[in-house]
Every structure is written in structure tokens, then in C-alpha cells.
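Comments concern the structure below.
In the working numbering, the protein residues as written are 167 to 237.
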């Protein structure tokens, strides 16, 4: 099996994401919460497909719960 070279240009977005995540650990907790809330509010409407899948999985795990309780 060929060994991957992770310094190729196609991995630049991955390295940028890792760098931003490491920078985020240096922020105070209140700034982390603020940033996480903002990212969550931004991505919530964009990831509706995954949200639907999660609701289906939770409903299957807890069949005795109503749909309102699952949400």
C-alpha cells in the first residue's frame, strides 16, 4: 500500500481547519462559546439532511418518545 504524503496541496484545507481548531483552543471559554454558537446558527439551516437523519436515528432508538420529545 502506498504511503500518503499529507503535505500535498490537496490537503491544504485540512491543515487550515486543524490550524483554526488549534487556535480556537487558545481562546477564552466565553469566546469559544460565542464562536461555536455563531457557527452552529450558520450551519443549522445548511445541514438539514443530516438533522433529519439524526432525528430518525433518535426516534428509532427511543420508540416510546413522541416526535416533540425527540426534537
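The beta-carbon is built from N, C-alpha and C at its ideal position, and this holds for glycine as well.
Once DSSP output is grouped into helix, strand and coil, what is the label at residue 232? coil
Just the C-alpha distance for residue 203 and residue 231, rounded to the nearest angstrom, thanks. 27 Å
Assuming residue 185 and residue 201 make a contact with CB atoms under 8 Å, what is their CB distance in whole Å? Residue 185 to residue 201, Cβ: 15 Å. No contact.
How would you write the range of the alpha helix (DSSP H) that residue 169 sits in, first residue to last? No alpha helix (DSSP H) contains residue 169, which DSSP labels as neither H nor E.
Taking the alpha helix (DSSP H) that residue 179 belongs to, which residues open and close that run? 178-191
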